[in-house]
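Contents: one structure, followed by commentary.
In mature numbering (1 follows the signal peptide of the UniProt record, and there is no 0), the protein residues as written are -39 to -1, 1 to 551.
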């Protein structure tokens, strides 16, 4: 018999729990619930195949007992009365019990597959042991941990056919802190004051922000090499950003003055040579680098050395290209450089947008993105566009495969209002946007009701829709998996990203990682992609394994860090401590 519950059976539920129970949602094959704000139970869910049912939830602490109450007949008149259900069955840790009378009276039915690791509890139970074989069918569920005792609100699971081992996933509306996308903070010049690790960490935790801007001014070095102190400062900034779990948008410049007092080409190229070791060593936390160096703020317009105020000679154009070529050679081949206007890329490199075949090949045209630092501010965004009729379709096509970002710089209603803003953010596949400038524009988006859409849609937003996985596999054979991912964001990832199927032994916790051939950069905005692969199981011992999907950063120092892994926009799948996404299926290797 399971542990006698510490909670008096007739004690009224606290008001917050009653409210949570009243708003519990029903979501088809995957059951979801709203848990009390103070509860240690999160993301309770249930899925099924033709023969099994799987229950899972997240928890905090180290409870000795983890439970699922199953009201198979959905009648409070039968079974054990708790939290609005009449539980006919109880799962407590690794045992399934059947209620054998009124009150706390249970008979053991079977030992079940159960894991409790990394803050997630999971059970896989034979449906026949629950007396549930019908499809459609349903059951009311309540989840619980002890101690301290916490009980979820009631949820209802509706069984699917599941004959093919399929799982349907529920989408989440959560504002997710994912790497290399979203709003970014720019609160100081990068050469002026050191980043503060706790402040950056708070950006992640409180603002769901994973990016910061680092504009590093080299005003003191227009006529000399960059000092060792300045180079060391940039390294400190990168170290702090890495420790906090963020990445940088990097730009170097010489002046903020519209007099354009920058440095000549020879000095710029020498400085890039000095910076190259730092850029290479810290490319793991460089999301993207803006071309910079030329003119006021590094934006290429007001300049004393490269063609001032739009008057650019052939020599000036060649010098500008020399700076970009040097930057491309200084950075690793998998990092992109952004240019300030579409015309710069079209004039210096290619009049046609990058194609799907060219994308991610490491060629200059595949590595040159765009940033618009006066987005929506005027009909041509203060000179960002020279010929919108030509450049709009060019930019829309080019940014499918290269990174796009920037900032707003002034209210320009109705162009800067929500309808045009969201339309163009989607059209140009925006990956990131400044949350600190221009606040007046961002406030109109809050008032207009689109700021939540902006926060969630910048960059990628991957959500599983369905998956098909076998219940069993042969040792040293292959594991045929198929899952479908929808990208609800405005762009795809710009930088390399791995996809790994992780098998975790339900008894020992041992992990086995099976790399997939899928490239998340190809999971295009607004599309649904099916990944169907059969990785080898060679060397993996027989046993029961939970299936998980990992989308880690490929950089050596970041690959094992959960804060640099991609969280899928689904309920009940994310493991914050491991950085894995639970596919809600268990496979037995025989």
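Every residue, glycine too, gets a C-beta built ideally from N, C-alpha and C.
The structure displayed is predicted, hence computed values, not measured ones.
Close beta carbons around residue i, own chain, < 7 Å, minus the five adjacent residues each side
i, result
"residue 361", "390, 485"
"residue 498", "434, 436, 437, 438, 439, 440, 550"
"residue 260", "301, 334"
"residue 539", "79, 523"
"residue 253", "212, 213, 214, 259"
Opposing strand residues paired with residue i [DSSP bridges]
i, result
"residue 173", "146, 209"
"residue 254", "Per DSSP, none; premise fails for residue 254."
"residue 47", "42"
"residue 261", "Answer by DSSP bridge pairing: none, since residue 261 is not bridged."
"residue 19", "3, 81"
"residue 132", "531"
"residue 553", "What is shown of the chain runs -39 to 551, which leaves residue 553 out entirely."
"residue 26", "107"
"residue 272", "The partner list for residue 272 (beta bridge, DSSP) is empty, contrary to what the question assumes."
"residue 11", "In the DSSP output, where bridge partners are listed per residue, residue 11 has none listed."
"residue 112", "105"
"residue 536", "541"
Terminal residues of the alpha helix (DSSP H) in which residue i lies
i, result
"residue 305", "303 to 309"
"residue 351", "349 to 359"
"residue 326", "325 to 328"
"residue 541", "Segment 541 to 550 is the beta strand (DSSP E) holding residue 541; no alpha helix (DSSP H) there."
"residue 116", "That residue, residue 116, is in no alpha helix (DSSP H); its beta strand (DSSP E) goes 116 to 119."
"residue 226", "226 to 242"
"residue 319", "Careful: residue 319 lies outside any alpha helix (DSSP H) and carries neither H nor E."
"residue 161", "158 to 168"
N- and C-terminal bounds of the beta strand (DSSP E) containing residue i
i, result
"residue 476", "472 to 476"
"residue 461", "461 to 466"
"residue 506", "504 to 511"
"residue 493", "489 to 494"
"residue 292", "Counting along the chain, residue 292 falls outside any beta strand (DSSP E), and DSSP gives it neither H nor E."
"residue 498", "First-last for residue 498: undefined, no H or E at that position."
"residue 179", "No beta strand (DSSP E) contains residue 179, which DSSP labels as neither H nor E."
"residue 300", "298 to 300"
Beta-carbon proximity list for residue i, same chain, < 6 Å, skipping 5 on both sides
i, result
"residue 479", "460, 492"
"residue 291", "233, 237, 240"
"residue 133", "530, 531, 532"
"residue 358", "314"
"residue 262", "256"
"residue 470", "78"
"residue 138", "165, 169, 171"
"residue 267", "255, 277, 280, 281"
"residue 36", "47"
"residue 309", "282"
"residue -10", "Residue confidence for residue -10 is low, a pLDDT of 39 falling below 50, so the modelled location carries little weight; the figure read from the coordinates is stated next. If we look at residue -10 and ignore the five residues flanking it on each side, its Cβ neighbours are 6, 8, 129, 131."
"residue 112", "44, 105"
Nearest candidate by alpha-carbon position, reference residue i, set the options
i, options, result
"residue 419", "452, 400, 430", "452"
"residue 327", "335, 318, 334", "318"
"residue 197", "465, 65, 411, 153", "153"
"residue 231", "254, 243, 186, 251", "186"
"residue 24", "110, 393, 379, 74", "110"
"residue 510", "494, 462, 481", "462"
"residue 27", "47, 53, 33", "53"
"residue 147", "397, 248, 475", "397"
"residue 407", "424, 505, 195, 383", "383"
"residue 560", "228, 425, 225, 242", "Nothing can be reported for residue 560: it is not among the residues displayed for the chain, which extend from -39 to 551."
"residue 269", "322, 507, 222", "222"
"residue 330", "340, 364, 337", "364"
"residue 340", "366, 373, 332, 322", "373"
"residue 55", "76, 229, 42", "76"
"residue 250", "367, 494, 87", "367"
"residue 285", "297, 475, 274", "297"
"residue 120", "316, 129, 320", "129"
"residue 288", "320, 273, 325, 316", "325"
"residue 173", "247, 101, 192", "247"
"residue 472", "445, 502, 482", "502"
"residue 508", "465, 74, 195", "465"
"residue 38", "51, 29, 64", "64"
Heavy atom of the ligand ZN within 7 Å of residue i beta-carbon
i, result
"residue 455", "Within the structure as shown, the ligand ZN is missing, as the structure has no ligands at all."
Sequence-distant residues of its chain with Cβ nearer than 8 Å to residue i (five each side left out)
i, result
"residue 81", "17, 18, 19, 20, 536, 543"
"residue 515", "457, 458, 459"
"residue -29", "For residue -29, the pLDDT reaches just 27, beneath the cut-off of 50, and the residue's location in the model is therefore unreliable, although a value from the coordinates is still provided. Around residue -29: no qualifying Cβ."
"residue 518", "203, 245"
"residue 488", "447, 448"
"residue 455", "141, 248, 249, 297, 330, 363, 364, 392, 482"
"residue 386", "394, 415, 418, 419, 451"
Sequence ranges, alpha helix (DSSP H) only - wholly within the region 369 to 447, length at least 4: 379 to 388, 400 to 409, 412 to 418
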